[in-house]
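**Student:** Residues 87 to 416 in the numbering used here are what the sequence shown spells out, letter by letter.
C-beta atoms are modelled at their ideal positions from N, C-alpha and C, and glycine is treated no differently.
In this text the structure is predicted, and so the values were computed from the model without any measurement.
A single structure is presented below for examination.
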Amino acid sequence: RKTEIKQQLKWILGGQPPALTNPGPVRLENGGAGEDYFGTVLKRPIVTPGMGRMAITPYKEFGDYLYGYIYYPKDKAGNIKAGKLPAIIYQHEYDYSKGFSSYHDVQSFFESMTDLGYVVFSYDMIGFGNRIEEGTRFYDRYPNWSKMGKMVADVKGAVDALSNLDFVDSSKIVVAGYAMGATVGLYATALDERIAGLVSVSGFTPMRSDSKDDGREGIKAFSHLHGLIPRLGFFVGNEDRIPYDYQEILGSIAPRPVLLIAPKLDQTANFNDIRASVNEAGKIYKLLGASDQLILNSPDDFNRFSDEMKEIIYGWAGKFNAGARVPRVP
């Protein structure tokens with residue numbers, strides 16, 4: 087069944103053109119000039135006494151000639167913390183003008199994650215931030231692919247690069263995202279077994295039960311509004327015929343640990359449908375003896391990336407890094 091679900095996901099994302107596996111920079115000293123290489127007006131998280139930054143720049147880029155930043159914990163001497171470090175790939179929300187330089191405080195989030203001993207890898211996704219023009223004529227060049235497919239491919243490129251870095255523990259690479267970034271994380275984690283865990287904040291509402299009659303865009307948000315998954319447009323008005331839904335995606339991730347944060351007052355989602363979807367996926371986790379590894383946290387809040395939600399993530403990440411079973415969050 088997992089193989090079938092993966093085939094359905096690959097079909098909906100479209101045909102990826104041939105690509106090479108890029109090992110990335112491999113060592114810290116291979117960091118480059120970053121976006122200063124071409125100039126940028128976007129403010130990125132800055133270096134602090136406890137957090138260093140490695141810019142990934144051509145010609146030691148990751149993925150398909152991509153830029154990014156790796157933030158890492160520093161010791162008291164100002165050097166990178168010794169040993170193999172866990173890593174988190176942070177995927178940003180729908181923010182066309184700023185990419186991962188979000189309106190919410192990513193600086194403190196990155197600092198807190200590095201305080202926990204994590205390496206944090208982030209970059210602008212295609213069509214956002216400094217890659218906004220890269221997305222304008224995407225479908226002229228790749229008519230059979232999708233932007234979501236490209237985003238998932240870029241996550242794979244990030245995993246490739248992190249796996250080859252000599253200071254990263256390749257068995258502890260986690261994807262975390264908010265809104266669109268969380269959706270990308272769900273697809274990427276289902277398709278790449280190397281991803282050891284997932285954190286999703288406001289990442290989905292079930293598609294088969296989502297319609298404009300509920301006051302939301304439904305699957306048109308992906309096929310028409312943002313143009314991320316054009317093939318979902320075939321199912322507008324026939325959502326019950328979509329070949330998969332998020333319970334299948336979550337089930338295919340099992341038994342790897344997943345933290346889902348779904349605010350009850352999210353205007354873009356139906357919380358009852360989300361809970362039902364997670365309960366269905368939970369049956370697979372239970373079958374695999376990992377029922378405590380699928381966690382749904384549902385604060386009385388709206389769609390945002392709040393400090394309270396970040397605290398939940400810190401608790402989860404600390405347990406994950408320690409190798410402990412991640413307990414359910416009340």
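If you reduce the DSSP assignment to three classes, tell me which class I370 lands in.
**Tutor:** In this structure, I370 counts as helix in the three-state DSSP scheme.
**Student:** Determine the DSSP secondary structure at R317, reduced to helix, strand or coil.
**Tutor:** Of the three classes helix, strand and coil, the one that applies to R317 here is helix, per DSSP.
**Student:** Using the rule of at least 16 other Cβ atoms within 10 Å of the residue's Cβ for burial, across every protein chain shown, is V287 buried or exposed?
**Tutor:** Classification of V287: buried, given that the 10 Å Cβ count is 16 or more.
**Student:** Can you look up V415 in the DSSP assignment and give me helix, strand or coil?
**Tutor:** Caution is warranted here: a pLDDT of 43 is assigned to V415, below 50, making its placement in the model unreliable, and no coordinate value can be reported.
**Student:** Please state whether the Cβ-Cβ distance between V112 and D252 is less than 8 Å.
**Tutor:** Yes; because the gap between Cβ atoms is below 8 Å, this pair is in contact.
**Student:** Just verifying my parser: in three-state terms, what is the DSSP assignment at S256?
**Tutor:** Here S256 sits in strand by DSSP.
**Student:** Tell me which residue opens and which closes the beta strand (DSSP E) that S286 is part of.
**Tutor:** Segment G283 to V287, the beta strand (DSSP E) holding S286.
**Student:** Helix, strand or coil: how does DSSP classify I132 here?
**Tutor:** Coil at I132, not helix or strand.
**Student:** In or out: Y332 buried (at least 16 other Cβ within 10 Å) or exposed?
**Tutor:** Y332 comes out buried.
**Student:** Whole angstroms is fine: what's the gap from S249's alpha carbon to I175's?
**Tutor:** Roughly 12 Å separates the two Cα atoms.
**Student:** Taking P103 as the reference, which of S232, D378 and A348 has the closest Cα?
**Tutor:** Among S232, D378 and A348, the Cα nearest to that of P103 is on S232.
**Student:** Can A376 be considered in contact with the ligand ADP, in the sense that its beta carbon sits closer than 7 Å to one or more heavy atoms?
**Tutor:** In the structure on display, the ligand ADP does not appear, and there are no ligands present to speak of.
**Student:** Cβ atoms of G203 and P135: under 8 Å apart, would you say?
**Tutor:** No. Outside cutoff.
**Student:** Taking Cβ positions, are V364 and L336 nearer each other than 8 Å?
**Tutor:** The answer is yes: Cβ separation under 8 Å.
**Student:** Alpha carbons only, please: which of G118, D352 and A340 is nearest the one belonging to Y371?
**Tutor:** With distances taken between Cα atoms, Y371 lies closest to A340.
**Student:** Can you tell me the Cα-Cα spacing of P172 and G323, whole angstroms?
**Tutor:** Answer to the nearest angstrom: the Cα atoms are 43 Å apart.
**Student:** So, for P413: in the same chain, excluding its five sequence neighbours on each side, which residues have a beta-carbon less than 6 Å away from its beta-carbon?
**Tutor:** Its pLDDT being 48, under 50, P413 is placed unreliably by the model, and nothing is read from it.
**Student:** What residue from G110, T269 and I98 has the CA that sits closest to E179's CA?
**Tutor:** Of G110, T269 and I98, the residue nearest in Cα terms is T269.
**Student:** Across which residues does DSSP place V261 in a beta bridge pair?
**Tutor:** V261 pairs with I175 and L284.
**Student:** For Y209, does the count of other Cβ atoms within 10 angstroms reach 16, so buried, or fall short, so exposed?
**Tutor:** With 16 or more Cβ atoms within 10 Å of its Cβ, Y209 is classed as buried.
**Student:** Could you work out which residue in A307, T275, N108 and D255 is closest to A262 when comparing CA atoms only?
**Tutor:** Comparing Cα-Cα distances from A262 to each of A307, T275, N108 and D255, the minimum goes to T275.
**Student:** Mark P416 as exposed unless 16 or more other C-beta atoms lie within 10 angstroms of its C-beta, in which case mark it buried.
**Tutor:** Confidence in P416 is poor, its pLDDT being 38 and thus under 50, which makes the residue's placement unreliable; the coordinate value appears in the next sentence. Its Cβ having fewer than 16 others within 10 Å, P416 is exposed.
**Student:** Relative to the C-alpha of V205, which candidate in A367, D278 and V245 has its C-alpha closest?
**Tutor:** Of A367, D278 and V245, the residue nearest in Cα terms is V245.
**Student:** Among all the DSSP beta bridges, which residues are the ones paired with P159?
**Tutor:** Answer is M137.
**Student:** Relative to the C-alpha of T222, which candidate in Q94, G213 and G169 has its C-alpha closest?
**Tutor:** Out of Q94, G213 and G169, G213 has the C-alpha closest to the C-alpha of T222.
**Student:** Taking the alpha-carbon positions, what's the I194 to R327 distance?
**Tutor:** Note that residue 194 corresponds to Ser in the displayed sequence, not to Ile. Whole-angstrom Cα-Cα distance: 43 Å.
**Student:** Under DSSP, the beta strand (DSSP E) around I305 begins and ends at which residues?
**Tutor:** Unbroken run through I305: none, as it is neither H nor E.
**Student:** Which residues in the same chain as T143 place their Cβ atom closer than 7 Å to its Cβ, once the five residues preceding and following it in sequence are excluded?
**Tutor:** Closer than 7 Å at Cβ, skipping near neighbours: G118, A119, G120, Y123 and Y153.
**Student:** Roughly how far, in whole angstroms, is the beta-carbon of E325 from the beta-carbon of G304, given that I think they are within contact range, below 8 Å?
**Tutor:** Yes, E325 and G304 are in contact; Cβ-Cβ is about 7 Å, under 8 Å.
**Student:** Look at the Cβ atom of F207, then the Cβ atom of I156, and state whether they are nearer than 8 Å.
**Tutor:** Yes, they are a contact pair.
**Student:** So what's V344 in DSSP terms, helix, strand or just coil?
**Tutor:** Correct three-state label for V344: strand.
**Student:** Who are the near neighbours of K88 in its chain, counting only those whose CB is closer than 7 Å to its CB and skipping five residues on each side?
**Tutor:** Taken in chain order, the residues that qualify are S338.
**Student:** Shortest alpha-carbon distance to D181 belongs to which of T107, P109, R390 and F321?
**Tutor:** Among T107, P109, R390 and F321, the Cα nearest to that of D181 is on R390.
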